[in-house]
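> Numbering (the numbering used here), first residue to last: 1 to 156.
From the three backbone atoms N, C-alpha and C, an ideal C-beta is built for every residue, glycine too.
1. Verify whether the separation of the beta carbon atoms of residue 131 and residue 16 is less than 7 Å.
2. What is the rounded straight-line gap between the Cα of residue 94 and the Cα of residue 45?
3. Cα-Cα, which of 50, 99 and 85 is closest to residue 68?
4. What are the partner residues of residue 121, as DSSP defines its beta bridges?
5. Taking the alpha carbon of residue 125 as the point to measure from, which residue in 77, 66 and 24 has its own alpha carbon closest?
6. Whole angstroms are fine: how far does the CA of residue 41 sit from the CA of residue 60?
7. When the Cα atoms are used, what is the spatial distance from residue 154 to residue 113?
8. Could you say which of 101, 57 and 19 lies nearest to residue 4 if we only look at CA atoms?
9. Could you name the residues of the same chain whose beta carbon sits closer than 6 Å to that of residue 149, not counting the 5 residues immediately before and after it, in chain order?
10. With which residues is residue 100 paired in a DSSP beta bridge?
11. Does residue 49 come out as helix, strand or coil in the three-state DSSP assignment?
12. So, for residue 70: in the same chain, excluding its five sequence neighbours on each side, which residues have a beta-carbon less than 7 Å away from its beta-carbon?
13. Just confirm the distance between the C-beta atoms of residue 133 and residue 123, as a whole number of angstroms; I'd bet it's less than 8 Å.
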């Protein structure tokens with residue numbers, strides 16, 4: 001199974017790339033983690049946010065291979081602890097499809113992305129900076145993988 005993290009935003013600070021890559025490289029080949037960056041629309045003083053979200057949504061959905069399970073990261077999604085995430089990851093593997101996790105930009109995800117999702121996941125009730133979410137998701141997925149595979153990374 002391949003896990004695709006589709007995130008709005010490019011040109012992340014070095015600490016974001018370093019943190020994400022640290023966890024990405026730890027995944028085994030049979031569960032590769034891929035990052036696809038979607039350029040954020042220009043937000044100025046009189047920006048048409050609705051239109052920007054629509055364009056970001058179109059680009060995000062276009063980046064997802066046909067048939068992938070779509071999981072959106074949203075404040076209103078279901079909070080998961082590590083064991084719950086690990087169980088979901090097992091279900092995803094048994095489903096036989098690749099998974100695309102979607103992270104929106106400053107205003108979140110386009111309504112079209114939310115409508116296309118099969119599952120909504122909340123990392124926290126807090127609003128988190130989108131660059132940091134990449135690292136948290138990568139680490140959480142790796143921890144879930146390690147739990148499912150009796151790897152010593154996750155300790156009880």
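Walking through what the data contain:
1. By 1-based counting over the chain shown, the position of residue 131 is 131. By 1-based counting over the chain shown, the position of residue 16 is 16. Yes.
2. Along the chain shown, one-based indexing puts residue 94 at 94. Along the chain shown, one-based indexing puts residue 45 at 45. Taking the straight line joining both Cα atoms gives about 47 Å.
3. The residue labelled residue 68 in the question sits at position 68 within the chain shown. Considering only alpha carbons, the answer is 99.
4. Counting from one through the chain shown, the residue named residue 121 turns up at place 121. In the DSSP output, where bridge partners are listed per residue, residue 121 has 78.
5. Here residue 125 is taken as the residue at index 125 of the chain shown, counted from 1. Among 77, 66 and 24, the Cα nearest to that of residue 125 is on 77.
6. What you label residue 60 is simply residue 60 of the chain shown in a count that begins at 1. What you label residue 41 is simply residue 41 of the chain shown in a count that begins at 1. Cα to Cα, the separation comes out at about 12 Å.
7. Counting from 1 along the chain shown, the entry for residue 154 is found at position 154. Counting from 1 along the chain shown, the entry for residue 113 is found at position 113. Roughly 32 Å between the two C-alpha positions.
8. Along the chain shown, read from residue 1 onward, the residue named residue 4 stands at position 4. Ranking 101, 57 and 19 by Cα distance to residue 4 puts 101 first.
9. Taking the chain shown and counting its residues from 1, one reaches residue 149 at position 149. Excluding positions up to five away in sequence, the list is empty.
10. Working through the chain shown from its first residue, we reach residue 100 at position 100. DSSP output for residue 100 lists 4 and 70 as bridge partner(s).
11. Counting from one through the chain shown, the residue named residue 49 turns up at place 49. Residue state, collapsed to three classes: helix.
12. For the purposes of this step, residue 70 is identified with residue 70 of the chain shown, where counting begins at 1. Closer than 7 Å at Cβ, skipping near neighbours: 64, 100, 102, 116, 117 and 118.
13. Counting from one through the chain shown, the residue named residue 133 turns up at place 133. Counting from one through the chain shown, the residue named residue 123 turns up at place 123. So it is a contact: roughly 7 Å between Cβ atoms.
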